[in-house]
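A quick write-up on the structure given underneath.
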Amino acid sequence: MTQFIEDVRVRPNAFWLGGKAQNADLGKTQSKAQIGARTRHIPNTRTLYQHGTLALLVPGLLDGTISMGELLAHGDMGIGTGEGLNGEIIILHGTPYQVRHDGSVVVVPDSFTLPFANAHWADFSTLCGIEDRSKSELAGWLPKATGLPNIFFAVTVTGRFSNMRTRAFAKQEQPYPTLEQTAQHQRLFTAESTEGTLLAYYSPQVFNGVAVGGFHMHYLADDHSIGGHALDFRIDHAQVAMQRFDTLQEHLPVASPSYSVHDFSDDDIAGAIARAES
26 MTQFIEDVRV
36 RPNAFWLGGK
46 AQNADLGKTQ
56 SKAQIGARTR
66 HIPNTRTLYQ
76 HGTLALLVPG
86 LLDGTISMGE
96 LLAHGDMGIG
106 TGEGLNGEII
116 ILHGTPYQVR
126 HDGSVVVVPD
136 SFTLPFANAH
146 WADFSTLCGI
156 EDRSKSELAG
166 WLPKATGLPN
176 IFFAVTVTGR
186 FSNMRTRAFA
196 KQEQPYPTLE
206 QTAQHQRLFT
216 AESTEGTLLA
226 YYSPQVFNGV
236 AVGGFHMHYL
246 ADDHSIGGHA
256 LDFRIDHAQV
266 AMQRFDTLQE
276 HLPVASPSYS
286 VHDFSDDDIA
296 GAIARAES
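See the structure below:
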């Protein structure tokens with residue numbers, strides 16, 4: 026749901042009286058409705074929104090429990106997967122793209138549902154230009170370069186890549202298999218040279234299971250020739266931008282009976298996530 030912030034902070038001498046805002050300096054009274062009519066949505070760029078957890082994918086809790094329309098109320102950038110692990114999602118500047126199992130790229134409707142996703146409102150700051158770095162080198166360098174090993178942040182890497190390797194899952198049907206069983210049937214894509222955008226979310230290791238401890242990276246080529254969950258690549262030359270968060274807003278699918286009653290105690294959550302991400 027879109028949140029609106031009452032615009033009283035710019036009037037430090039205002040106070041509420043009888044449902045109206047009274048300005049002590051100007052002697053003018055405005056109703057909440059009048060203020061709401063001229064107050065626009067102010068995106069919270071310091072919050073990372075997450076629906077579901079990666080842990081729920083491990084035993085195969087893959088029902089779509091949030092719609093794309095609902096997710097886009099929380100950001101214009103993001104990543105995720107569809108119901109039944111239906112492809113890989115990357116949201117760039119408000120447009121939600123799905124990389125399908127056959128390699129095609131489509132824009133999904135608001136009715137498209139997801140079991141897991143991240144979203145945030147873009148407010149990136151340019152970090153630097155970068156050349157000749159592998160995925161592992163990038164992942165090792167970024168937390169040190171930002172000085173934020175225990176802080177959530179998002180990164181975009183925009184430019185030219187070589188040896189890009191991505192994957193996408195085919196949609197699974199009920200009864201859903203486990204994450205590792207599904208991963209055995211993933212579709213792999215490769216490109217010797219590609220230009221596009223890598224969107225990555227960094228989560229501190231202490232949150233592994235809720236999210237991916239470390240980086241969770243999705244990619245989309247400018248010409249849509251390749252995309253999906255980024256498994257490996259080399260950066261030829263690119264611009265790196267970063268956005269840090271001070272709040273993780275975790276939204277749980279409590280209306281889902283399969284989630285509400287599942288016992289996770291016997292699931293190898295950390296191991297399954299590590300194997301599925303590699």
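Adding 25 to a residue's 1-based position in the sequence shown gives its number in my numbering. Just so you know, even glycine gets a beta-carbon here, dropped at the ideal spot from N, CA and C.
Checklist entry - If you pair each beta-carbon of the stretch 139 to 150 with each one of the stretch 72 to 92, do three or more pairs fall below 8 Å? => result Cβ pair count under 8 Å is three or more, so yes.
Next on the checklist: If contacts are defined as beta-carbon pairs under 8 Å, then T207 and L79 qualify, I think. What distance do you get, rounded to the angstrom?
Outcome noted: In the sequence shown, residue 207 corresponds to position 182, counting from 1. In the sequence shown, residue 79 corresponds to position 54, counting from 1. At roughly 13 Å, the Cβ-Cβ gap does not stay under 8 Å, so T207 and L79 are not in contact.
Next on the checklist: Checking 9 Å against the spacing of the C-beta atoms, do L163 and R192 come in under that value?
Outcome noted: Taking the first residue of the sequence shown as 1, we reach residue 163 at position 138. Taking the first residue of the sequence shown as 1, we reach residue 192 at position 167. No. Outside cutoff.
Checklist entry - Near G105, what residues of its chain come up, given a Cβ to Cβ distance below 7 Å and the 5 sequence neighbours on each side ignored? => result Counting from one through the sequence shown, the residue named residue 105 turns up at place 80. Taken in chain order, the residues that qualify are I114, L139, F141, A142, N143.
Checklist entry - Counting pairs of beta carbons, one from the stretch 252 to 267 and one from the stretch 283 to 290, are three or more of them closer than 8 Å? => result Short answer: they don't touch.
Next on the checklist: Quick check on this structure: which residue in S129, A255, D135, A195 has the alpha carbon closest to the alpha carbon of G119?
Outcome noted: Here residue 119 is taken as the residue at index 94 of the sequence shown, counted from 1. Closest by alpha carbon: D135.
Checklist entry - Using 8 Å as the Cβ pair cut-off and three pairs as the minimum, do the stretch 193 to 203 and the stretch 173 to 181 touch? => result They do not touch, by the three-pair rule.
Item to check | Supposed contact pair Y244 and G85 - C-beta distance, whole angstroms, cut 8 Å | outcome: Position 60 of the sequence shown holds residue 85. Position 219 of the sequence shown holds residue 244. Actually they do not touch by this definition, with Cβ atoms about 25 Å apart.
Item to check | Limits of the beta strand (DSSP E) - the one that I115 falls within | outcome: Within the sequence shown, numbered from 1, the residue matching residue 115 stands at position 90. Taken as a continuous stretch (DSSP letters only), the beta strand (DSSP E) holding I115 covers 113 to 117.
Checklist entry - For G103, is the classification buried or exposed, using 16 other Cβ atoms within 10 angstroms of its Cβ as the cut-off for buried? => result Taking the first residue of the sequence shown as 1, we reach residue 103 at position 78. When all chains shown are included, G103 counts as buried.
Next on the checklist: Report the CB separation of T219 from A246 in whole angstroms; it is logged as a contact under 8 Å.
Outcome noted: The residue you call residue 219 lines up with position 194 of the sequence shown. The residue you call residue 246 lines up with position 221 of the sequence shown. With a Cβ gap of about 5 Å, T219 and A246 count as contacting.
Next on the checklist: Quick check on E108: does DSSP put it in helix, strand or coil?
Outcome noted: On the sequence shown, residue 108 is found 83 positions in, with the first residue counted as 1. Three-state result, E108: coil.
Checklist entry - Under a three-way DSSP split, which group does I251 fall into? => result For this step, residue 251 is matched to residue 226 along the sequence shown. Secondary structure of I251 (DSSP, three-state): coil.
Next on the checklist: Which of the three DSSP states is assigned to E95 in this structure?
Outcome noted: Working through the sequence shown from its first residue, we reach residue 95 at position 70. Secondary structure at E95: helix, using DSSP grouped into helix, strand and coil.
Checklist entry - Checking contacts by CB at 9 Å: is S187 closer than that to chain B? => result Looking for chain B here will not work: only one protein chain is present.
Next on the checklist: For V279 and C153, which I take to be in contact (beta-carbon distance under 8 Å), what is that distance rounded to the nearest angstrom?
Outcome noted: Residue 279 sits at position 254 when you count from the first residue of the sequence shown. Residue 153 sits at position 128 when you count from the first residue of the sequence shown. In fact, because the Cβ distance is near 42 Å, the residues do not count as touching under 8 Å.
Next on the checklist: Does V132 pass the burial test, meaning 16 or more other C-beta atoms within 10 Å, or should it be called exposed?
Outcome noted: Position 107 of the sequence shown, counted from the first residue, corresponds to residue 132. Label assigned to V132: exposed.
Checklist entry - When you compare only the Cα positions, how much space is there between A170 and I298? => result As a position in the sequence shown, residue 170 is number 145, starting the count at 1. As a position in the sequence shown, residue 298 is number 273, starting the count at 1. Taking the straight line joining both Cα atoms gives about 26 Å.
Checklist entry - For Q274, which residues of its own chain have a beta-carbon under 6 Å away from its beta-carbon, when the five flanking residues on both sides are left out? => result Working through the sequence shown from its first residue, we reach residue 274 at position 249. T72, Y74, listed in sequence order.
Checklist entry - Under the three-state reduction of DSSP, which class applies to R201: helix, strand or coil? => result Along the sequence shown, one-based indexing puts residue 201 at 176. The question names Arg, yet the displayed sequence has Tyr at residue 201. In the structure shown, the three-state DSSP call for Y201 is coil.
Next on the checklist: Please classify V231 as buried or exposed, where buried requires at least 16 neighbouring CB atoms within 10 angstroms.
Outcome noted: The sequence position of residue 231 within the sequence shown is 206, counting from 1. The residue is exposed, with fewer than 16 neighbouring Cβ atoms inside 10 Å.
Checklist entry - Given that a residue counts as buried once 16 or more other Cβ atoms are within 10 Å of its Cβ, and exposed if not, what is Q268? => result In the sequence shown, counting from the first residue as 1, residue 268 sits at position 243. Around the C-beta of Q268, 16 or more other C-beta atoms lie within 10 Å, and the residue is accordingly described as buried.
Item to check | Expected contact under 8 Å - CB spacing of A147 and D101 to nearest Å | outcome: Position 122 of the sequence shown, counting from 1, holds the residue named residue 147. Position 76 of the sequence shown, counting from 1, holds the residue named residue 101. The C-beta separation of A147 from D101 comes to about 6 Å, placing the pair in contact by the 8 Å criterion.
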